[in-house]
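Okay, structure first, notes after.
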Amino acid sequence: GAGVSQSPSNKVTEKGKDVELRCDPISGHTALYWYRQRLGQGLEFLIYFQGNSAPDKSGLPSDRFSAERTGESVSTLTIQRTQQEDSAVYLCASTNRGMNTEAFFGQGTRLTVV
Amino acid sequence: KQEVTQIPAALSVPEGENLVLNCSFTDSAIYNLQWFRQDPGKGLTSLLLIQSSQREQTSGRLNASLDKSSGRSTLYIAASQPGDSATYLCAVRPRRYGGATNKLIFGTGTLLAVQP
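Chains as they are written, first to last, in this note's numbering: chain A, 15 to 128; chain B, 69 to 184.
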């Protein structure tokens, strides 16, 4: 596609429910990142996928958070038993192969836990 | 541990003024540095990418410089316009991070308001 696509753009869920957030990277991009941005705060790294290598999950805040990616395509971020502190904008980015490449971000999913 | 700082945190200028945004990082071992803008409630839009071997990059009214040895980058915006109002973020890609990945490390941003 022309850019990184995230869905849904907005999600309101009740505390305790599970949610799934989706990211479609730019076609051909091998690396994919998930970040979280709480209101008024900076970007917090969650997880990184690079091709078929083992993902870097070092930023996931708890075992309620998980992410999957099939090959070099779509990624899904799942939050189980959501809490109010999970309310944030979840941003996805993708980059082409190699370290000296530009990162492109999607528009984000705004998650509100009520 | 790589840390990225942006100064000032907020800036308000009249339309037409030239301005400079600053980004500092603590570890010079980076692959590149990227500048983004973020509009309220939106994702990030890439502005400029500077490789570690480069000194500057230009795109239209934007010019970004990189002094890797001193851990600094500046984003220069010429003839600012109200449409430039946004939060500006810089991010570095570390050359090594825990030996496992090369994630982007972000600064906390500069909120720019250009007054008409």
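Glycine included, each C-beta is placed from N, C-alpha and C at the ideal position.
Shown here, B:Asp152 sits in a helix according to DSSP, grouped into three states. For A:Ser108, the beta-bridge partners assigned by DSSP are A:Leu46, A:Phe118. Counting the other Cβ atoms within 10 Å of the Cβ of B:Thr94 gives fewer than 16, which makes it exposed. At least one C-beta of chain B is nearer than 9 Å to the C-beta of A:Ala107. The three-state secondary structure of B:Asp135, taken from DSSP, is strand. Membership of A:Asp70 in any beta strand (DSSP E) is not indicated, and neither H nor E is assigned to it by DSSP. Following the DSSP letters along the chain, one finds B:Ala78 inside the beta strand (DSSP E) bounded by residues 78-82. Where A:Ile61 is concerned, the enclosing beta strand (DSSP E) starts and stops at 57-64. Within the same chain, and ignoring the five residues on either side of B:Asn131 in sequence, the residues whose Cβ sits closer than 7 Å to its Cβ are Glu124, Tyr144. Counting the other CB atoms within 10 Å of its CB gives B:Gln102 a total of 16 or more, which places it among the buried residues. Under the 8 Å Cβ criterion, the region 39-49 of chain A counts as touching the region 84-102 of chain A, having at least three qualifying pairs.
Residue range 87-93 is occupied by the beta strand (DSSP E) that includes B:Asn90. Residue contact with chain B for A:Glu28: absent (no Cβ-Cβ distance below 9 Å to any residue of chain B).
Take B:Leu179, set aside five residues on each side of it, and the residues of its chain with a beta-carbon closer than 6 Å to its own are Ala78, Thr155, in chain order. If you check the CB distance, A:Tyr62 and B:Lys171 come in under 9 Å. At a cut-off of 9 Å between beta-carbon atoms, A:Asp70 makes contact with chain B.
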